[in-house]
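Presented below is the structure to which this report refers.
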Amino acid sequence: MIDDAAAEAWREEQRATYSAGDSDALAQRQQPLAARLAEAAGLRAGDDVLDIGAGTGNVAVTAARLGARVTAVDLTPRQVDAGRARCAAEGLEVRWQVADAEQLPLADGSVDVALSSFGIVYAARPERAAAEVRRVLRPGGRLLLTAYPRDSFNGRALEVVNRFLPEAPVPTTVDEYLWADQQTLARWFPCRRIEVAAEVVLSEPYPSADAWFEGVLDVPIVARLRDTLPAEQFDELRREIVALRSHYADVDPDGTLHPREGYVVVRVD
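In the numbering used here, the protein residues as written are 55 to 323.
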């Protein structure tokens, strides 16, 4: 486990990344997966729901629309502000807070359902984040999350991105793919039933992989690299990511690209 200083450095890296670009650009891309996650959770009106690493509120908004009492937490103030404004615009009551998955601002046994759409997986110290989930869940409560396996477009793309950042954002002792590993989950959540289900969805088509890349330029991590890397390095990054995107996609004879998004849904009961 990494020490406090390294964990805080990681959190600062995350805040810097998600303070760049257009938060809505990422949220719009992940909305269908967030909706699937909320549906899989079987939420009911009156459930106390926690959205961890909530971003701008894809899961929180979906849960609130279903009548749940929702608390949404995220590391990045900009994301929390955007999520709060989004909920206000819809007239949804969601309690938003800037908080880390390692220190959840809730009482013991106060949550029926904890949800996280590609959020908790980036906790600097996953064992502590898992312990916090155990603490806040009521008896009979459940955790559902989505994560990217290593062998997926997003898993491989993160490896490429890390090589280009001035300081690698992921400490060598942090492995976000652990959240997709059943044995690790069994260690973190003993005496619980654990399901890890692989899913693949085809996202909207693009004329080409290059056109797809143009469409993600405002996604926070890409925007940060675009704004900080020398032009020649960003062009190199672009070539590698475009090649990966073509690999993890269905391509029509005319070059039309249908991106394949592989991920897992984890359920802990």
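Cβ coordinates follow ideal geometry from the N, Cα and C atoms, glycine included.
Since the structure is predicted, the reported quantities are computational estimates derived from the model, not experimental observations.
Rounded straight-line distance, which links the Cα of Asp102 to that of Gly309: Gly309 and Asp102: Cα-Cα distance of roughly 47 Å.
N- and C-terminal bounds of the alpha helix (DSSP H) containing Tyr317: No alpha helix (DSSP H) holds Tyr317; the beta strand (DSSP E) holding it covers Leu311 to Val322.
Own chain, CB closer than 6 Å to Asp76, minus 5 neighbours either side, in chain order: Hits under 6 Å: Asp272.
Nearest residue (CA-CA) to Ser206, options Ile295, Val127 and Gln157: When only C-alpha atoms are compared, the closest one is Ile295.
Outcome for Ile174 when other beta-carbon atoms lying within 10 angstroms are tallied against a minimum of 16: Label assigned to Ile174: buried.
CA nearest to the CA of Arg132, picked from Gly109, Glu147 and Leu146: Out of Gly109, Glu147 and Leu146, Gly109 has the C-alpha closest to the C-alpha of Arg132.
Helix, strand or coil at Thr125 [DSSP, three-state]: In the three-state reduction of the DSSP assignment, Thr125 falls in the strand class, which pools E and B.
Arg321 vs Glu249 beta-carbon contact at 7 Å: The Cβ-Cβ distance between Arg321 and Glu249 falls below 7 Å.
Start-to-end residues for the beta strand (DSSP E) that takes in Thr200: Run containing Thr200: Leu191 to Ala201, per the beta strand (DSSP E) assignment.
Per DSSP, the bridge partner or partners of Ala234: In the DSSP assignment, Ala234 is bridged to no other residue.
Backbone CA spacing between Pro225 and Ala63 [nearest angstrom]: Low confidence applies to Pro225: its pLDDT is 47, below 50, so where it sits in the model is not reliable, and the reading given next is rough at best. The C-alpha of Pro225 lies about 9 Å from the C-alpha of Ala63.
C-alpha gap between Leu160 and Ser170, whole angstroms: Cα-Cα distance, rounded: 16 Å.
Reference Leu97; option with closest CA among Ala118, Ala79 and Ala81: Of the candidates Ala118, Ala79 and Ala81, the one whose C-alpha sits nearest the C-alpha of Leu97 is Ala118.
Pair within 7 Å by beta-carbon distance, Asp166 and Gly195: Yes; because the gap between Cβ atoms is below 7 Å, this pair is in contact.
Presumed contact (8 Å Cβ cut-off) between Arg278 and Ala143, rounded CB distance: About 27 Å separates the beta carbon of Arg278 from that of Ala143, a gap too long to meet the 8 Å contact definition.
Contact under 7 Å by Cβ, Ala211 with Ala177: 7 Å or more divides the Cβ of Ala211 from the Cβ of Ala177.
Straight-line Cα distance separating Ala240 from Glu181: So the alpha carbons of these two residues sit roughly 12 Å apart.
Beta-carbon proximity of Pro313 to Ala303, cut-off 7 Å: Yes, Cβ-Cβ distance for Pro313 and Ala303 is below 7 Å.
8 Å contact criterion, which Gly145 and Ala126 should meet: CB distance rounded: In fact, because the Cβ distance is near 16 Å, the residues do not count as touching under 8 Å.
Span separating the alpha-carbon of Ala99 from that of Ala89: In this structure, the alpha-carbon of Ala99 lies about 16 Å from that of Ala89.
Three-state secondary structure assigned by DSSP to Asp264: DSSP places Asp264 within a helical segment (H, G or I) once states are collapsed to three.
Identified DSSP bridge partners for Asp105: Beta-bridge pairing links Asp105 to Ala126 and Leu169.
Presumed contact (8 Å Cβ cut-off) between Ala201 and Ala234, rounded CB distance: Contact holds; Cβ gap of about 5 Å.
Proximity of Val190 and Leu219 at Cβ, strictly below 7 Å: Contact flag unset, no.
Host beta strand (DSSP E) of Val256 (start-end): Looking at the sequence provided, one finds Leu at residue 256 rather than Val. Looking at the DSSP string, the run of the beta strand (DSSP E) that includes Leu256 is Ile248 to Leu256.
8 Å CB neighbourhood of Ala81 in its chain, flanking five on each side removed: Residues Gly109, Thr110, Gly111 and Asn112 of the same chain have their beta carbon placed closer than 8 Å to that of Ala81, with the five preceding and five following residues left out of the count.
Coil, strand or helix - Arg132 by DSSP: For Arg132, the three-state secondary structure derived from DSSP is helix.
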